[in-house]
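Enquirer: Structure below; questions to follow.
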Amino acid sequence: MSVGGGDDGLSIPVQQLALLNWLGEVGASGVDERLGGLVSGDVTVAAERSTSGHVAPRTVDARFDAADRVGARVHLPGRPSGLVLVLFSPERANRAAALMLYDAVNDLSTVSNEMARDALLELCSIVANAFLDEWADLVETEIDVNTPQFVSDTEREIMRHVVTSYDDLGLYISSLLRLAGHDVDVSLYVFPEQEEFVNSVGRIDPAVIRR
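Using the working numbering, you'd call the opening residue of the sequence shown number 314 and step up by one each time.
Listed below in structure tokens is the structure:
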């Protein structure tokens, strides 16, 4: 069976598909733990949805919509390699930045666009690193992460840039994370280098999901 179906997909045993979705839940638990210790207030992160799929240039329009998104693109330069997207709607991006700045400023109305962007990028970095650290612990390796790069475009165009700029990216694992009590939702997409990731997943016992 291939993720996404058709000739766009990369062959993954059907019993491993549940494992891909489970990896999204594992990563979300790391975000919950990290944000709870770094952000002021009571922050609980819930994984609303974890899925996996495959996208190619000709399937971007069918899989992603034209809603505006703001966030960060994070490159993984080592092994495993790939790319992470951390995306918010513009409204929720503003709330996320305000959450990060709560203890730093007395009046949020005085915050400059640059300061708000920096705060959002810091949050994106925390989310991406926490998510990937859980994976790294699982497979007993280190995952190198570059400095986040700001992105602002429609979801569809952000995804199109990924699959047209990187020939070896298309398989993705996504998680919709909700910061309970703060009305902040964040969508996280991990695009691993396909062949090395599939080989790595193939070495994980699916029974681990039931533990």
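No residue lacks a Cβ here, since even glycine has one placed at the ideal position from N, Cα and C.
Is L333 near the ligand COA, judged by its Cβ being under 7 Å from some heavy atom?
Expert: With respect to small molecules bound, the structure shown includes none, and the ligand COA cannot be examined in it.
Enquirer: With a Cβ-Cβ cutoff of 8 Å, do L389 and L482 count as a contact?
Expert: Not in contact: L389 and L482 (Cβ atoms no closer than 8 Å).
Enquirer: Tell me the start and end of each unbroken alpha helix (DSSP H) in the segment 418 to 500 that is at least 4 residues and wholly inside, in chain order.
Expert: Counting only runs of 4 or more, we get 426 to 452, 468 to 478.
Enquirer: With which residues is A529 paired in a DSSP beta bridge?
Expert: What is shown of the chain runs 314 to 524, which leaves residue 529 out entirely.
Enquirer: Out of curiosity, what's the CA-to-CA distance linking L436 and L501?
Expert: Approximately 12 Å between the Cα atoms of the pair.
Enquirer: Considering only DSSP beta bridges, list what F504 is partnered with.
Expert: F504 pairs with L396.
Enquirer: Given that a residue counts as buried once 16 or more other Cβ atoms are within 10 Å of its Cβ, and exposed if not, what is G343?
Expert: Buried, by the Cβ-count rule.
Enquirer: To the nearest angstrom, report how far apart E447 and D374 are at their CA atoms.
Expert: C-alpha separation (whole angstroms): 31 Å.
Enquirer: Are three or more beta carbon pairs between the segment 364 to 371 and the segment 460 to 468 nearer than 8 Å?
Expert: Output reads no: the segment 460 to 468 does not touch the segment 364 to 371.
Enquirer: Who does F377 pair with in a DSSP beta bridge?
Expert: Looking at the DSSP assignment, F377 forms no beta bridge with any residue, so it has no partner.
Enquirer: Which value, in whole angstroms, describes the spacing of the CA atoms of S425 and D381?
Expert: Those two C-alpha atoms are separated by around 21 Å.
Enquirer: Note down the Cα distance separating I486 from I517, rounded to an integer number of angstroms.
Expert: Roughly 16 Å separates the two Cα atoms.
Enquirer: Locate the beta strand (DSSP E) running through R362, then write down its first and last residues.
Expert: Per DSSP, R362 belongs to the beta strand (DSSP E) from 357 to 367.
Enquirer: Rounded to the nearest angstrom, what separates A429 and T477 at their Cα positions?
Expert: If you take the alpha carbons of A429 and T477, they lie about 30 Å apart.
Enquirer: In this structure, how does DSSP classify G384 when only helix, strand and coil are distinguished?
Expert: Reduced to three states, the DSSP call for G384 is strand.
Enquirer: Let me see if you follow: with CB-CB separation under 8 Å, is A331 close to chain D or not?
Expert: This model lacks chain D altogether, as it is built from one protein chain only.
Enquirer: Count the other C-beta atoms from every protein chain shown that fall within 10 angstroms of the C-beta of G494, then say buried if there are 16 or more, exposed otherwise.
Expert: By the 10 Å Cβ count, G494 comes out exposed.
Enquirer: Would you call the CB atoms of V358 and L490 closer than 8 Å?
Expert: Closer than 8 Å, so yes.
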